[in-house]
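The sequence shown begins at 1 in UniProt numbering and counts up by one.
Think of the CB as a built atom: it goes at the ideal place given N, C-alpha and C, for glycine as much as any other residue.
None of these values were measured; they are calculated from a predicted model.
Shown next, in structure tokens, is the structure this report addresses.
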Amino acid sequence: MKQFILVVFILLSGCSSPPSSPVDNGISSDLPQGHESDYTVWTFLEKYPSEKLVVETLGPPDSVWIDEKMEFKMLYYFLPELQDYNSIEINLNTGKTAGFEWD
1 MKQFILVVFI LLSGCSSPPS SPVDNGISSD LPQGHESDYT VWTFLEKYPS
51 EKLVVETLGP PDSVWIDEKM EFKMLYYFLP ELQDYNSIEI NLNTGKTAGF
101 EWD
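Set out below in structure tokens:
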């Protein structure tokens with residue numbers, strides 16, 4: 001009988017609720033700096049920041065292309081949940097964002 005009580009006590013003391021985990025707010029972001037939404041990125045790009053600030057904020061792009069006239073550089077960021085690339089166009093003369101497509 002004492003062994004039975006001991007076994008029950010061990011089982012009950014070993015069964016505790018799992019540790020609480022942080023609440024998932026449902027927002028998925030693949031951006032390295034922890035941006036909360038694509039809208040946050042869009043409002044940032046709407047201010048036409050410099051290339052340096054874009055890379056510091058969003059991280060290094062997945063792909064970079066320069067047009068044949070050497071006027072623009074395209075920074076491409078791949079978003080796996082969309083299976084698509086978002087792009088930022090940088091004017092090579094000014095070093096600032098000239099345009100962007102961010103979904």
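Distance between beta carbons of residue j and residue i, contact taken as under 8 Å
i     : j     : result
GLU89 : PHE72 : 5 Å
THR94 : VAL54 : No, THR94 and VAL54 are not in contact; Cβ-Cβ is about 13 Å, not under 8 Å.
9 Å Cβ cutoff met for residue i and residue j
i           : j     : result
ASN86       : LEU79 : yes
ASP67       : LEU82 : no
residue 118 : LEU75 : Outside the shown range of the chain, which is 1 to 103, sits residue 118, and nothing can be said about it.
Residues near residue i by beta carbon distance below 7 Å, same chain, minus five either side
i     : result
TYR77 : LEU58, PRO61, ASP62, TYR85, ASN86
ASP38 : TRP102, ASP103
Contact set for residue i: own chain, Cβ-Cβ below 8 Å, skip 5 residues either direction
i     : result
VAL64 : LYS73, MET74, LEU75, TYR76
ILE69 : Contrary to the premise, residue 69 reads as Lys rather than Ile in this sequence. Excluding positions up to five away in sequence, the list is empty.
PRO49 : THR57, LYS96, THR97
Close beta carbons around residue i, own chain, < 6 Å, minus the five adjacent residues each side
i     : result
THR43 : none
* Can you check the region 39 to 81 for any alpha helix (DSSP H) of at least 4 residues that lies completely inside it and give the ranges in chain order? => 51 to 58
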